[in-house]
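Enquirer: Please find one structure pasted underneath; my questions will follow.
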Amino acid sequence: MIPILKPYTHIYRPVSHIYLRNLSSITKFDTRKFVQSLQEKGGFSEKQAEAAVNVVNAAINDGIYSITNNLVKKEALSSTAYQQKVDFAKLKGELQTMDKSEFTGLKKEQEKLRTDLTNLKNRLKEEITKNQASVRLDLNLEKGRIREESSQHELKIEDTYSRIDEEVSNMQMQIKTVKTQVLQWLMGVSTGTLALLLTFVRFYF
């Protein structure tokens, strides 16, 4: 009697228990009864029936090996695909975290640059205001100095005019005095001449 076939559980250990139960139910059959059936219904001799059962046994074992091997490969592929999905999700999370971190860093840099520009703008505004105030002060001082110098020049001019007027008045007085003296001299000369003429006339006439 040929022994009952047993499933190759050592070949497809990674496969789930559902597949093991299905394969076990397929491979557990009465070989002796199958041999007798071949002898009675098929006209096989005992050796022929046993040989046929051995062929069927080998075919079943090869089929089970192929099925379990494919199941193992399929489960390995599923496991690999699942692991790839997990790795992809992990990588996606890391990339999102990295992008978020980089975005936060860029935002901080942008805020820092904006603050620096605002501070620079304020400093430039203060410097411009200080320079404008200094220029205004210098201009006011220069205007004051020019006014003072102008006032001094005006005083000098007025003093010069006063001196000129005084000199002119003195010259006019001197001219009048000279005129008076000349007139007095002319009157004296005329009087003397007239007296001489009268004397001459009296003497000769």
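Residue numbers (the UniProt record's numbering): 1 to 205.
Every residue gets a Cβ at the ideal spot worked out from N, C-alpha and C, and that includes glycine.
It should be emphasised that the depicted structure is a prediction, and the values quoted were computed from it without experimental measurement.
Whole angstroms is fine: what's the gap from residue 194's alpha carbon to residue 188's?
Expert: Counted from its first residue, the sequence shown places residue 194 at position 194. Counted from its first residue, the sequence shown places residue 188 at position 188. Straight-line Cα distance between these residues: approximately 10 Å.
Enquirer: For residue 177, count neighbouring Cβ atoms within 10 angstroms of its own Cβ and tell me buried if that reaches 16, exposed if not.
Expert: Within the sequence shown, the letter at position 177 stands for residue 177. With fewer than 16 other Cβ atoms within 10 Å, it is exposed.
Enquirer: Which of the three DSSP states, helix, strand or coil, is assigned to residue 45?
Expert: Residue numbering aside, residue 45 sits at position 45 when the sequence shown is read from its first letter. DSSP places residue 45 in coil when its eight states are reduced to three.
Enquirer: Look at the alpha carbon of residue 24 and the alpha carbon of residue 102, and state the distance between them as a whole number of angstroms.
Expert: If you number the sequence shown from 1, residue 24 lands on position 24. If you number the sequence shown from 1, residue 102 lands on position 102. Legend: pLDDT at residue 24 = 40, less than 50; position of this residue unreliable, value from coordinates given subsequently. One C-alpha to the other measures close to 58 Å.
Enquirer: Determine whether the beta carbon atoms of residue 31 and residue 53 lie at a separation below 8 Å.
Expert: For the purposes of this step, residue 31 is identified with residue 31 of the sequence shown, where counting begins at 1. For the purposes of this step, residue 53 is identified with residue 53 of the sequence shown, where counting begins at 1. Cβ distance < 8 Å, so residue 31 and residue 53 count as in contact.
Enquirer: In angstroms, rounded to a whole number, what distance separates the CA positions of residue 94 and residue 110?
Expert: The count along the sequence shown starts at 1 and reaches residue 94 at position 94. The count along the sequence shown starts at 1 and reaches residue 110 at position 110. Approximately 24 Å between the Cα atoms of the pair.
Enquirer: At the level of alpha carbons, what is the spacing between residue 119 and residue 108?
Expert: Residue numbering aside, residue 119 sits at position 119 when the sequence shown is read from its first letter. Residue numbering aside, residue 108 sits at position 108 when the sequence shown is read from its first letter. Straight-line Cα distance between these residues: approximately 16 Å.
Enquirer: Would you kindly work out how many angstroms separate the C-alpha atoms of residue 13 and residue 86, rounded to a whole number?
Expert: Within the sequence shown, the letter at position 13 stands for residue 13. Within the sequence shown, the letter at position 86 stands for residue 86. Low local confidence applies: a pLDDT of 37 at residue 13 is under 50, so the model's placement there is unreliable, with the coordinate-based value given in what follows. Straight-line Cα distance between these residues: approximately 24 Å.
Enquirer: Would you mind sorting residue 157 into buried or exposed? The rule is 16 or more other CB atoms within 10 Å of its CB.
Expert: Sequence index remark: in the sequence shown, residue 157 carries index 157 (1-based). Exposed: under 16 other Cβ atoms inside 10 Å.
Enquirer: How should residue 50 be labelled, buried or exposed, when 16 other C-beta atoms within 10 angstroms of its C-beta is the threshold for buried?
Expert: Counted from its first residue, the sequence shown places residue 50 at position 50. It counts as buried.
Enquirer: If you count every other CB in all the chains shown that lies within 10 Å of the CB of residue 38, and 16 or more means buried, which is it?
Expert: Counting from 1 along the sequence shown, the entry for residue 38 is found at position 38. By the neighbour-count rule (16 or more Cβ atoms within 10 Å), residue 38 is buried.
Enquirer: Is it buried or exposed, residue 206, if we count other Cβ atoms within 10 angstroms and call 16 or more buried?
Expert: The first residue shown for the chain is 1 and the last is 205, placing residue 206 beyond what the model contains.
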